[in-house]
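In the numbering used here, the protein residues as written are 337 to 732.
Glycine included, each C-beta is placed from N, C-alpha and C at the ideal position.
First up is the structure itself, then whatever we jot down about it.
Printed below as a string of structure tokens:
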């Protein structure tokens, strides 16, 4: 089957619940489609606003902090991700690498510390796992304090000749705030998260808090058969048709690990030709893809790192490498103006006390009615953030 970029956009909009919002109470369904990255902090809230009718911050915070039907933990690519608590066996456990499947993208940088300490990765990861049970009875405020606390617990068990090196200033840019040991812990917290040994707790002001899954939820993770298969299915529902390379990039894992996971559902895959390239989707969704068409007039303001934008095949959403560089940056991604599933511009915000300024840059011409719609969407966003919109400028 040959499919067009337009069909793919329509298929993905539907999978991400961006073609039509879900009822206000469908918080778990919205977050469970493919997880919600929460970097920068608050990104998941903006993503949910675009997927739920009448979405409010208090409702989202209740789900995350009171009901705990949602959970935040380091997940794919080592990013903080919000997902249904009952699906930790999908969003966490399958990410545990088996022998020969390292390194992960987010632990590559640890080599400098390993060389300095002359200690292997697995040894230090094992030492962290020995002491991280501290979080079963404690909650730690701020990431810096978490690194310091766990590094301090590890130090007494190190060989005597390693302890001074462990306390030495970090080689990673914050020597006044971080030690080598603290840096090691920072890198290794991600693989510990996959074992549910550390999760995010309630946010206190500008600082997150951290504890264990057991301490936060009050029970160990529930067993979920075929969690690995479901992770691949979620990816293909949200980003299909796709390739193995795209899957590995989304996870931030080695090709070997991606291949092992991908092969668990090999008998469920169907090949299609997408933009001249062989890609795959779930065979059960071929008919849905064939009939998919986006509403070309639909306008949305997606926040930075919205899951819909979290793809490797960026040309499906935006043609032109130069414009793509304006959207997908190394740091500080802008929000995106979406029209019919295509990236039609970018937007940024600036908060001044209790007021919000929104600035938009269009990549294509828009009518006066469409500009009014964009202004209305900015008003909706400000209301969601419980702040007053002061200015909304649209260039282009």
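Opening and closing residue of the alpha helix (DSSP H) in which residue i lies
{"i": "residue 588", "result": "Taken as a continuous stretch (DSSP letters only), residue 588 belongs to no alpha helix (DSSP H), as it is neither H nor E."}
{"i": "residue 389", "result": "Where residue 389 is concerned, there is no enclosing alpha helix (DSSP H), given that its DSSP letter is neither H nor E."}
{"i": "residue 713", "result": "704-720"}
{"i": "residue 479", "result": "479-490"}
{"i": "residue 444", "result": "Careful: residue 444 lies outside any alpha helix (DSSP H) and carries neither H nor E."}
{"i": "residue 342", "result": "341-351"}
{"i": "residue 384", "result": "379-385"}
{"i": "residue 498", "result": "496-503"}
{"i": "residue 363", "result": "363-368"}
CB contact check: residue i to chain E, cutoff 7 Å
{"i": "residue 536", "result": "Here chain E cannot be found, since the structure has a single protein chain."}
Minimum C-alpha distance to residue i - residue among the options
{"i": "residue 342", "options": "577, 558, 396", "result": "577"}
{"i": "residue 366", "options": "689, 376, 375, 419", "result": "419"}
{"i": "residue 683", "options": "689, 677, 713", "result": "713"}
{"i": "residue 591", "options": "606, 721, 458, 439", "result": "439"}
{"i": "residue 519", "options": "460, 555, 407", "result": "460"}
{"i": "residue 369", "options": "643, 719, 723", "result": "643"}
{"i": "residue 386", "options": "708, 565, 635, 707", "result": "635"}
{"i": "residue 692", "options": "719, 505, 396, 604", "result": "719"}
{"i": "residue 532", "options": "450, 432, 711", "result": "432"}
{"i": "residue 455", "options": "482, 497, 417", "result": "497"}
{"i": "residue 698", "options": "715, 678, 687", "result": "678"}
{"i": "residue 434", "options": "653, 492, 594, 513", "result": "594"}
{"i": "residue 506", "options": "651, 446, 645", "result": "446"}
{"i": "residue 562", "options": "475, 427, 468, 655", "result": "427"}
{"i": "residue 548", "options": "392, 465, 597, 355", "result": "465"}
{"i": "residue 337", "options": "728, 491, 480, 606", "result": "606"}
{"i": "residue 556", "options": "704, 476, 655, 469", "result": "469"}
Distance, residue j Cα to residue i Cα
{"i": "residue 287", "j": "residue 516", "result": "No statement about residue 287 is possible, as the shown extent of the chain runs from 337 to 732 and does not include it."}
{"i": "residue 670", "j": "residue 648", "result": "17 Å"}
{"i": "residue 696", "j": "residue 672", "result": "9 Å"}
{"i": "residue 528", "j": "residue 568", "result": "21 Å"}
{"i": "residue 430", "j": "residue 601", "result": "14 Å"}
{"i": "residue 690", "j": "residue 537", "result": "27 Å"}
{"i": "residue 509", "j": "residue 379", "result": "26 Å"}
{"i": "residue 570", "j": "residue 525", "result": "25 Å"}
{"i": "residue 564", "j": "residue 424", "result": "11 Å"}
{"i": "residue 413", "j": "residue 373", "result": "10 Å"}
{"i": "residue 457", "j": "residue 389", "result": "46 Å"}
{"i": "residue 398", "j": "residue 553", "result": "14 Å"}
{"i": "residue 486", "j": "residue 616", "result": "43 Å"}
{"i": "residue 613", "j": "residue 658", "result": "22 Å"}
{"i": "residue 732", "j": "residue 701", "result": "7 Å"}
{"i": "residue 620", "j": "residue 626", "result": "12 Å"}
{"i": "residue 707", "j": "residue 694", "result": "13 Å"}
{"i": "residue 376", "j": "residue 641", "result": "8 Å"}
{"i": "residue 451", "j": "residue 575", "result": "38 Å"}
{"i": "residue 339", "j": "residue 623", "result": "11 Å"}
{"i": "residue 504", "j": "residue 462", "result": "21 Å"}
{"i": "residue 664", "j": "residue 582", "result": "16 Å"}
{"i": "residue 354", "j": "residue 680", "result": "16 Å"}
Residue range of the unbroken beta strand (DSSP E) whose run includes residue i
{"i": "residue 614", "result": "613-618"}
{"i": "residue 527", "result": "Here residue 527 belongs to no beta strand (DSSP E); instead the alpha helix (DSSP H) covers 516-530."}
{"i": "residue 465", "result": "No beta strand (DSSP E) contains residue 465, which is instead part of the alpha helix (DSSP H) from 457-467."}
{"i": "residue 730", "result": "724-731"}
{"i": "residue 636", "result": "635-638"}
{"i": "residue 696", "result": "691-698"}
{"i": "residue 606", "result": "605-610"}
C-beta contact flag for residue i and residue j at 7 Å
{"i": "residue 330", "j": "residue 676", "result": "Shown here, the chain extends from 337 to 732; a query on residue 330 therefore has no answer."}
{"i": "residue 535", "j": "residue 409", "result": "yes"}
{"i": "residue 639", "j": "residue 441", "result": "no"}
{"i": "residue 502", "j": "residue 494", "result": "yes"}
{"i": "residue 483", "j": "residue 551", "result": "no"}
{"i": "residue 400", "j": "residue 630", "result": "no"}
{"i": "residue 628", "j": "residue 346", "result": "yes"}
{"i": "residue 523", "j": "residue 443", "result": "yes"}
{"i": "residue 543", "j": "residue 585", "result": "no"}
{"i": "residue 381", "j": "residue 358", "result": "no"}
{"i": "residue 618", "j": "residue 572", "result": "yes"}
{"i": "residue 392", "j": "residue 405", "result": "no"}
TODO: Could you tell me which uninterrupted beta strand (DSSP E) segments, each at least 3 residues in length, are contained entirely in the segment 645-680, listed from first to last along the chain?
DONE: DSSP runs (the beta strand (DSSP E)) wholly in the segment 645-680: 671-675.
Task: Every unbroken alpha helix (DSSP H) inside the segment 393-435 [4 residues or more] - done: List check, alpha helix (DSSP H) in window: 393-397, 424-427.
Task: In chain order, each beta strand (DSSP E) run of at least 3 residues that lies wholly inside the segment 540-583 - done: Whole beta strand (DSSP E) segments, 3+ residues: 545-547.
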